[in-house]
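As structure tokens, the structure follows; a few thoughts come after it.
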Amino acid sequence: MKEGNLNDSITPMSKDELGQLAQGFNEMRMKLKESIEKQFAYEENRKELIANISHDLKTPITTIKGYVEGIRDGVANTPEKIDRYIQTIYSKSIDLDHMIDELFLYSKLDLQRLPFHFEKIHFDHYLQDFVEELRFEVAELNVEVDLKIMKNSNYLINGDREHLKRVITNIVDNSLKYNDNKYKRLSFHLSTIDSHVLFKLQDNGPGIADENLPYIFDRFYREDLSRGTEKGGSGLGLSIAKRIIDEHNGKIWAESKKGLGTTILFTIEKTGDESEKDLNNRR
Numbered sequence: 001m002k003e004g005n006l007n008d009s010i011t012p013m014s015k016d017e018l019g020q021l022a023q024g025f026n027e028m029r030m031k032l033k034e035s036i037e038k039q040f041a042y043e044e045n046r047k048e049l050i051a052n053i054s055h056d057l058k059t060p061i062t063t064i065k066g067y068v069e070g071i072r073d074g075v076a077n078t079p080e081k082i083d084r085y086i087q088t089i090y091s092k093s094i095d096l097d098h099m100i101d102e103l104f105l106y107s108k109l110d111l112q113r114l115p116f117h118f119e120k121i122h123f124d125h126y127l128q129d130f131v132e133e134l135r136f137e138v139a140e141l142n143v144e145v146d147l148k149i150m151k152n153s154n155y156l157i158n159g160d161r162e163h164l165k166r167v168i169t170n171i172v173d174n175s176l177k178y179n180d181n182k183y184k185r186l187s188f189h190l191s192t193i194d195s196h197v198l199f200k201l202q203d204n205g206p207g208i209a210d211e212n213l214p215y216i217f218d219r220f221y222r223e224d225l226s227r228g229t230e231k232g233g234s235g236l237g238l239s240i241a242k243r244i245i246d247e248h249n250g251k252i253w254a255e256s257k258k259g260l261g262t263t264i265l266f267t268i269e270k271t272g273d274e275s276e277k278d279l280n281n282r283r
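The sequence shown runs 1 to 283 under UniProt numbering.
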């Protein structure tokens with residue numbers, strides 16, 4: 001153990017003080033081994049995070065650098081070209097700023113340093129307001145948005161309004177980003193199952209292959225890496241959504257078939273006697 005070998009088990013041979021000492025050493029060995037393995041996993045995750053951040057930030061930076069050089073070297077030699085170059089630089093700067101915001105948010109979630117303010121929310125009314133706002137935003141983008149709420153159900157939950165909006169927004173953004181259909185459709189559905197509220201959002205996009213479906217909530221995961229880079233984004237949207245739903249003690253998952261669209265679902269427990277103060281303190 002002193003040399004770092006924590007694999008050999010110590011078997012107590014008696015129940016006296018020496019046996020108790022051996023048992024204590026064995027428990028210490030197991031806890032040390034678990035701690036070291038966890039630290040190793042954290043270190044590997046940190047290396048992966050840095051590698052992915054470096055890759056994802058390099059793409060827009062390279063584009064910005066190329067267009068700046070084009071302006072500086074006189075390649076953009078007409079007012080129209082200069083306007084187009086500047087617009088591209090501005091657009092990539094916005095993408096870069098959004099990616100940094102997402103990374104910062106994910107980091108705070110990962111370190112459990114993002115504050116949550118739980119309050120009682122009538123989730124049916126909340127979703128109606130969200131969908132109404134979304135319809136206004138996508139009115140000119142050939143996106144059909146419909147909402148179906150099962151009647152005669154209780155949709156009262158304990159939740160954080162801002163963070164739940166982030167969850168639904170990330171799901172919507174992800175659905176629209178990878179949908180190449182001329183006419184896009186987003187179908188919201190709200191119902192209850194046992195003691196939980198069940199949210200569904202179905203799109204008419206390209207769908208996700210069965211072998212890729214379990215990984216879409218992993219950070220930086222994109223089903224098609226080249227396509228994901230081309231379309232922009234941090235690759236953290238669904239991962240952030242999962243972290244926020246986890247903080248609500250809920251569950252989020254996806255159902256999809258290639259060529260038949262994707263449905264993202266999550267559940268949150270309906271509120272009972274527990275107050276929002278209790279839930280805030282429990283975290």
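Idealized CB from N, CA, C, for every residue including glycine.
Quiz item: When you compare only the Cα positions, how much space is there between Asn212 and Ile100?
Solution: As a position in the sequence shown, residue 212 is number 212, starting the count at 1. As a position in the sequence shown, residue 100 is number 100, starting the count at 1. For Asn212 and Ile100, the distance between alpha carbons rounds to 26 Å.
Practice problem: To the nearest angstrom, report how far apart residue 315 and Asn5 are at their CA atoms. | Solution: Because the chain in this structure spans residues 1 to 283, residue 315 falls outside the shown range and cannot be described.
Quiz item: Since Leu238 contacts Ile208 with CB under 8 Å, what's their CB separation in whole angstroms?
Solution: The residue given as residue 238 occupies position 238 in the sequence shown. The residue given as residue 208 occupies position 208 in the sequence shown. Not a contact, Cβ separation roughly 11 Å.
Self-check item: the stretch 117-131 / the stretch 158-166 touching (three or more Cβ pairs under 8 Å)
Solution: yes
Exercise. Rounded to whole angstroms, what's the CA-CA distance from Ile264 to Lys92? Just pull it up for me.
Key: Along the sequence shown, read from residue 1 onward, the residue named residue 264 stands at position 264. Along the sequence shown, read from residue 1 onward, the residue named residue 92 stands at position 92. About 28 Å.
Quiz prompt | Three-state secondary structure assigned by DSSP to Ala241 | solution = Locating residue 241 in the sequence shown gives position 241, counting from the first residue. Note: Ala241 maps to helix in three-state DSSP.
Self-check item: Lys270 vs Tyr178 beta-carbon contact at 9 Å
Solution: The sequence position of residue 270 within the sequence shown is 270, counting from 1. The sequence position of residue 178 within the sequence shown is 178, counting from 1. It is not a contact, given that the beta carbons lie outside the stated cut-off.
Exercise. On the DSSP bridge assignment, give the partners of Glu144 in chain order.
Key: Numbered from its first residue, the sequence shown carries residue 144 at position 144. Per DSSP, Arg185.
Self-check item: Cβ-based burial, Ile193 [other Cβ within 10 Å; buried from 16]
Solution: Position 193 of the sequence shown, counted from the first residue, corresponds to residue 193. Per the 10 Å Cβ criterion, exposed.
Quiz item: Which residues does DSSP pair with Ile193 in a beta bridge?
Solution: For the purposes of this step, residue 193 is taken as residue 193 along the sequence shown, with counting starting at 1. DSSP output for Ile193 lists His196 as bridge partner(s).
Exercise. Please look up how many angstroms separate the CB atoms of Asn170 and Ala241, rounded, as I've assumed it's under 8 Å.
Key: As a position in the sequence shown, residue 170 is number 170, starting the count at 1. As a position in the sequence shown, residue 241 is number 241, starting the count at 1. Contact flag correct, Cβ pair sits at about 5 Å.
Self-check item: Inter-residue spacing [alpha-carbon to alpha-carbon] between Ser153 and Tyr126
Solution: As a first step, residue 153 must be located in the sequence shown, where it is residue number 153. As a first step, residue 126 must be located in the sequence shown, where it is residue number 126. Their Cα atoms are separated by approximately 15 Å.
Self-check item: Classification of Pro60 by the beta-carbon crowding that lies within 10 angstroms, buried from 16 upward
Solution: By 1-based counting over the sequence shown, the position of residue 60 is 60. It is buried - the Cβ of Pro60 has at least 16 other Cβ atoms within 10 Å.
Quiz item: Since Tyr106 and Leu236 are thought to touch, with beta carbons under 8 Å apart, how far apart are those beta carbons, to the nearest angstrom?
Solution: Position 106 of the sequence shown holds residue 106. Position 236 of the sequence shown holds residue 236. Right, the Cβ-Cβ distance comes to about 5 Å (below 8 Å), so this counts as a contact.
Quiz item: Helix, strand or coil for Gly159 per DSSP?
Solution: One-based indexing of the sequence shown puts residue 159 at position 159. In this structure, Gly159 counts as strand in the three-state DSSP scheme.
Self-check item: beta strand (DSSP E) runs contained entirely in the stretch 31-107, provided each spans 3 or more residues
Solution: none
Quiz item: Based on the DSSP secondary-structure assignment, which residues constitute the bridge partners of Ile168?
Solution: In the sequence shown, residue 168 corresponds to position 168, counting from 1. None, per the DSSP bridge assignment.
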